[in-house]
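Colleague: All the letters of the sequence shown, read from the start, carry residue numbers 94 to 311 under our numbering.
We put the beta carbon where it would ideally sit given N, CA and C, even for glycine.
All values reported here derive from a predicted model rather than from experimental measurement.
Before I ask anything, let me first share the structure, which is written out below as structure tokens.
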Amino acid sequence: MRLPLFPLEVVLFPGALLPLHIFEPRYQQMLADCTAGDSRFGIVPAGEDGKPPTGVIGTIAEVRAAQAIGDGRSNIVVSGERRFMLRRYEADPAPYFVGIADPFEDESDDIEEANQHTVALRQLADRCAQALGTLTTAPTATAWAADAATLTFQIAAMLDIDLDFKQRFLGMRSAMHRVAVLLSLLPKVAADLETRAAVRERAKKNGTGGAHADVVTK
């Protein structure tokens, strides 16, 4: 498939939403071209020289909402659709990169096994989401997918974890592998978030008659 490419230092996962601010003229043109077409482009890591390397894994982004804010700039929200692998670049007069991409799907036929762990994953994800709701002002979606394959990506998108880890996670072609990684990672992440959220709640009560947080000096 032919895709306009948007190199970003961010990982978009299938099933996740991502807000973007479009301000560079070349990507203003890309957005206009996408809007006039099928509203899709590919988000890929930028690479050392700003040009994504061939063979890299990215995600198709579909424009769900767009708001013009003047001077050609826009705020948009995209949803992550299918993964792809960038096969090669296509010669194109457009000011942005255009690539030929191959679909990148799970290879392992383990979805039924992975689906057996969705209840445990959702419980851990709910703990993380509730704590994040206390720690941040941004709403955290908890309308989790029914299937483990999509659920794993939704959870990874929610977590504030290393960009390289997220890119490796995007490239995992086994739903059960992703489930196992999250089941190993999430208990510690959830506990840490809950501890920080509890501290935030205690701090909010200081001076209001509630319990005061202990102060330790060194």
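Kindly give me the distance between the Cβ atoms of PRO97 and GLY135, rounded to whole angstroms, as I take these residues to be in contact under 8 Å.
Modeller: The residue you call residue 97 lines up with position 4 of the sequence shown. The residue you call residue 135 lines up with position 42 of the sequence shown. That belief holds up - the Cβ atoms of PRO97 and GLY135 are roughly 7 Å apart, short of 8 Å.
Colleague: List the residues that DSSP assigns as beta-bridge partners of VAL171.
Modeller: Counting from 1 along the sequence shown, the entry for residue 171 is found at position 78. DSSP output for VAL171 lists LEU111 and VAL156 as bridge partner(s).
Colleague: Which residue marks the beginning of the beta strand (DSSP E) containing VAL282, and which one marks its end?
Modeller: Taking the sequence shown and counting its residues from 1, the one referred to as residue 282 is at position 189. Segment 268-298 is the alpha helix (DSSP H) holding VAL282; no beta strand (DSSP E) there.
Colleague: Starting from ALA194, follow the beta strand (DSSP E) in both directions and report where the run begins and ends.
Modeller: Walking along the sequence shown from the start, residue 194 turns up at place 101. Its beta strand (DSSP E) spans residues 191-196.
Colleague: Three Cβ pairs or more, each shorter than 8 Å: is that satisfied between the region 98-117 and the region 246-260?
Modeller: The region 98-117, when compared against the region 246-260, does touch it at the 8 Å Cβ threshold.
Colleague: Within 10 angstroms of the Cβ of ARG180, are there 16 or more other Cβ atoms? Answer buried if so, exposed if not.
Modeller: By one-based count along the sequence shown, residue 180 stands at place 87. So ARG180 counts as exposed.
Colleague: Exposed or buried, which one is ALA158 when buried takes at least 16 other CB atoms within 10 Å?
Modeller: By 1-based counting over the sequence shown, the position of residue 158 is 65. Counting Cβ neighbours within 10 Å, ALA158 comes out exposed, since fewer than 16 surround it.
Colleague: Can you give me the Cβ contacts of ALA304 inside the same chain, cut-off strictly under 7 Å, excluding the 5 residues immediately before and after it?
Modeller: Position 211 of the sequence shown, counting from 1, holds the residue named residue 304. Only weak support is given to the placement of ALA304: the predicted model assigns it a pLDDT of 42, under 50, and the value that follows is read from those uncertain coordinates. Excluding positions up to five away in sequence, the list reads ARG295 and LYS298.
Colleague: By the three-class DSSP mapping on this structure, what secondary structure does PRO118 have?
Modeller: Along the sequence shown, one-based indexing puts residue 118 at 25. Helix.
Colleague: Rounded to whole angstroms, what is the Cα-Cα separation between ASP219 and GLU141?
Modeller: Position 126 of the sequence shown, counted from the first residue, corresponds to residue 219. Position 48 of the sequence shown, counted from the first residue, corresponds to residue 141. About 36 Å.
Colleague: Along the chain, which unbroken stretches of the beta strand (DSSP E) at least 3 residues long are found entirely within the region 180-264?
Modeller: Listed in chain order, the complete beta strand (DSSP E) runs (minimum 3 residues) inside the region 180-264 are 191-196.
Colleague: Using CA atoms only, rank isn't needed, just tell me which of LEU110, ALA222, PRO146 and PRO138 is closest to ILE169.
Modeller: Taking the sequence shown and counting its residues from 1, one reaches residue 169 at position 76. Closest option to ILE169, Cα to Cα, is LEU110.
Colleague: Roughly how many whole angstroms lie between the Cα atoms of PHE177 and ARG119?
Modeller: Mapped onto the sequence shown, residue 177 falls at position 84. Mapped onto the sequence shown, residue 119 falls at position 26. Distance between the alpha carbons of PHE177 and ARG119: 22 Å.
Colleague: When the Cα of GLN216 is compared with those of PRO188, ALA290 and VAL282, which residue comes out closest?
Modeller: Translated into positions along the sequence shown, residue 216 becomes position 123. If we check each option's Cα against that of GLN216, VAL282 comes out closest.
Colleague: Check each candidate in HIS114, ALA125 and ASP285 and name the one with the smallest Cα separation from ALA224.
Modeller: Counting from 1 along the sequence shown, the entry for residue 224 is found at position 131. When each option's Cα is compared against that of ALA224, the closest is ASP285.
Colleague: Using a 10 Å radius around the Cβ and a threshold of 16 neighbouring Cβ atoms, would you call ILE150 buried or exposed?
Modeller: As a working mapping, residue 150 is identified with position 57 in the sequence shown. Buried, by the Cβ-count rule.
Colleague: Starting from VAL137, trace the beta strand (DSSP E) both ways and give me its first and last residue.
Modeller: On the sequence shown, position 44 is the one that residue 137 refers to. Looking at the DSSP string, the run of the beta strand (DSSP E) that includes VAL137 is 133-137.
Colleague: Closest to SER167 by C-alpha separation, out of THR128, PRO188 and ALA139, would be which residue?
Modeller: Walking along the sequence shown from the start, residue 167 turns up at place 74. Checking every option, the nearest Cα to that of SER167 belongs to THR128.
Colleague: Please name the residue, chosen from MET94, TYR189 and VAL156, that lies closest to ALA139 on a Cα-to-Cα basis.
Modeller: Translated into the one-based positions of the sequence shown, residue 139 becomes position 46. It is TYR189.
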